[in-house]
Amino acid sequence: RRLATSPLAEIAASLDNDLQQAALSLRPELGERLDALTAAGAFGAAVSGSGPTCFGLFPDRSSADAAAAELHGALVAELRAALTHDRVRAEPLELALYKRDASNMEGRAAVVCFPTSTAEVQACVRAARRHGRPFVARGSGTGLAGGAVPLGDPVVIVTTKMDRVLEIVARTPYQTWEAA
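Heads up: the sequence shown begins at 108 in the working numbering, then just goes up one per residue.
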């Protein structure tokens with residue numbers, strides 16, 4: 108009822124969550140996300156419940172859509188800085204190619220990355236975490252159980268370019284390969 112009768116700025120000023128400070132002390136990156144929402148034009152931002160989700164109150168749908176695009180662009184830019192432009196895909200047609208594996212389940216990826224080293228995988232995971240995105244590791248997408256289906260708009264980390272032999276132990280059957 109209050110939402111229907113109060114100006115948005117007044118509602119934003121009264122946002123209160125008793126668990127927010129505890130969540131921020133455990134997960135400082137939540138504060139960064141709240142700041143990013145406010146910087147993108149939200150009248151106010153807060154965590155929901157005990158902090159798994161951040162939200163912002165925007166003056167209208169177009170402002171919220173513009174903020175979402177800005178925040179998504181920041182994620183893509185960070186990933187492209189960590190990898191290279193050609194190994195980070197964010198265009199709708201390219202994302203559609205990675206919305207499913209060999210199962211009949213379907214999802215939606217926020218961005219698809221093609222790292223070539225463990226350090227680049229770590230960079231992708233860190234960027235996803237910094238931007239509040241889940242991530243999904245994916246090989247060739249041949250699994251039938253849906254394990255590589257991107258649910259929740261994740262960063263999809265495709266490991267097919269990681270195909271080097273790292274170690275061969277002489278006169279033994281032991282070898283160490285990268286993920287692909």
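Beta carbons are placed, not taken as given, at the ideal position from N, Cα and C, and that holds for glycine. These numbers were taken from a predicted model, which means no experiment stands behind them.
### Query
Any idea which residues DSSP pairs A244 with across the strands?
I264
### Task
Would you check if the distance between the CB atom of D208 and the CB atom of G259 is smaller than 8 Å?
No; because the gap between Cβ atoms is not below 8 Å, this pair is not in contact.
### Message
Does the beta-carbon of F162, which I'm using as the reference point, lie nearer than 7 Å to any heavy atom of the ligand HEM?
### Response
Only the bare structure without any ligand can be found here, which leaves the ligand HEM out of the picture.
### Query
Considering only residues of the same chain and omitting the five flanking positions on each side of A189, which have a CB-CB separation below 6 Å?
A230
### Task
Return the CA-CA distance between P199 and V218, expressed in angstroms with no decimal places.
9 Å
### Task
Would you kindly work out how many angstroms separate the C-alpha atoms of T283 and I275, rounded to a whole number?
Note on geometry: alpha-carbon atoms of T283 and I275 lie some 7 Å from one another.
### Task
Provide the residue span of the alpha helix (DSSP H) that contains G180, from first to last.
168-189
### L251 (DSSP reduced to helix, strand or coil)
If DSSP states are grouped into helix, strand and coil, L251 belongs with coil.
#### Entry: Rounded separation between L126 and P280 - CA only
Computed Cα separation, rounded: 54 Å.
### Task
Would you list, in sequence order, the uninterrupted alpha helix (DSSP H) runs of no fewer than 4 residues that lie entirely inside the stretch 201-237?
If only complete runs of 4 or more residues are kept, the stretch 201-237 shows the alpha helix (DSSP H) at 225-237, in order along the chain.
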